[in-house]
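Just so we're aligned: 117 in numbering that gives the first Met the number 0 is position 118 of the sequence shown, and the numbers increase by one with no gaps anywhere. Data block below; observations after.
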Amino acid sequence: MAFPFSAPPLQLLIDPSGLLPPGTSRRLQKAYRRLRRRVPQVDISFCFVWLQPDVSLENFAFWMHNTAPDTDSQRAWQLLVVGDRTSGQLTMTSGYALEPFLKLELWEAALQELAACLSDEQWKEGLNGFLVDARVLLTAAWHEAEQLRLRIPHPRSSASLPSVQGAAREIEHEYSQHLSTRQGLTNPPVLADAAALPTRASAAETRSPPVKPQATIRTS
0 MAFPFSAPPL QLLIDPSGLL PPGTSRRLQK AYRRLRRRVP QVDISFCFVW LQPDVSLENF
60 AFWMHNTAPD TDSQRAWQLL VVGDRTSGQL TMTSGYALEP FLKLELWEAA LQELAACLSD
120 EQWKEGLNGF LVDARVLLTA AWHEAEQLRL RIPHPRSSAS LPSVQGAARE IEHEYSQHLS
180 TRQGLTNPPV LADAAALPTR ASAAETRSPP VKPQATIRTS
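Spelled out as structure tokens, the structure:
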């Protein structure tokens, strides 16, 4: 599917309609830098638009991911989260290199948390929280892949993976602090048992937000 305009370059925040509060990008830099330090080959972009009612958000995000300029070397490792204010939906598209490391149900939970925050206009809290979730989930996936590689050596299995020895314990501590700050938890879950993504906002458990998250994991 094509659109009568060119896709913009992928950057951390893409906000052509000026929907986000001023200074939002600056307030995300700390969490963004931590994500890039942890998994430097992965990049992430958030885009918020008003689409026509008959335009598929999933198709728009897929088109944008595949046609954004100056992204060829990075596209396979790119995450793109697109929110449509017309339909109130979120969708996530990833490059093909990331697909094996993404557990759909965990990323759906992260999108639901983001949706709950955005429905309350809590842009900074929602986007920062999603960046933390992305760092935690990718670190856990990297750790799992490394453990599998050590059990079953393969010449190509980890050529592009970062060293994760000790990273899981460090990220577990950081994430526990994040959860304790947001929820006042006394016994936050440990990363090693990452069977599910814990909620960051109790409001997500008590109401259905108007934003309907989707997780779209498609190869580029």
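Glycine residues also receive a C-beta, built at the ideal position from the N, C-alpha and C atoms. These numbers were taken from a predicted model, which means no experiment stands behind them.
*Look up Q51 in the DSSP assignment and give the residues it is bridged to.*
Under DSSP, Q51 forms no beta bridge with any residue.
*asked:* So the candidates are W122, E112, F61 and V81; which of them puts its Cα closest to the Cα of P21?
replied: W122
_Let me make sure I understand the geometry here. Which of P99, E120 and G125 has the alpha-carbon closest to that of A140?_
P99
*Of all the options H64, Q111, Y31 and V38, which has the alpha carbon lying nearest to the alpha carbon of T92?*
H64
*Apart from the five residues just before and just after R84, which ones in its own chain have a Cβ nearer than 6 Å to its Cβ?*
W49
*Does any CB atom of chain C fall closer than 8 Å to the CB of L149?*
Going by chain labels, chain C is absent from the structure shown, which holds only one protein chain.
_Proximal residues to S24 (C-beta, below 8 Å), its chain only, five neighbours per side dropped_ = L11 and L12
*Beta-carbon spacing of P222, P68 below 8 Å*: With the chain covering only 0 through 219, there is no way to say anything about residue 222.
*In three-state terms, what does DSSP make of S86?*
Correct three-state label for S86: coil.
*For the segment 44 to 58 against the segment 134 to 149, are there 3 or more C-beta pairs whose distance is under 8 Å?*
no
*Counting along the chain, where does the alpha helix (DSSP H) carrying F59 start and finish?*
L56 to T66
*asked:* Short of 6 Å in beta carbon distance, which residues of its chain neighbour A75, apart from the five on each side in sequence? Order them along the chain.
replied: Once the five neighbours on either side are set aside, the close Cβ partners of A75 are G94, Y95 and A96.
*Apart from the five residues on each side of it in sequence, which residues of its chain come closer than 7 Å, Cβ to Cβ, to F4?*
none
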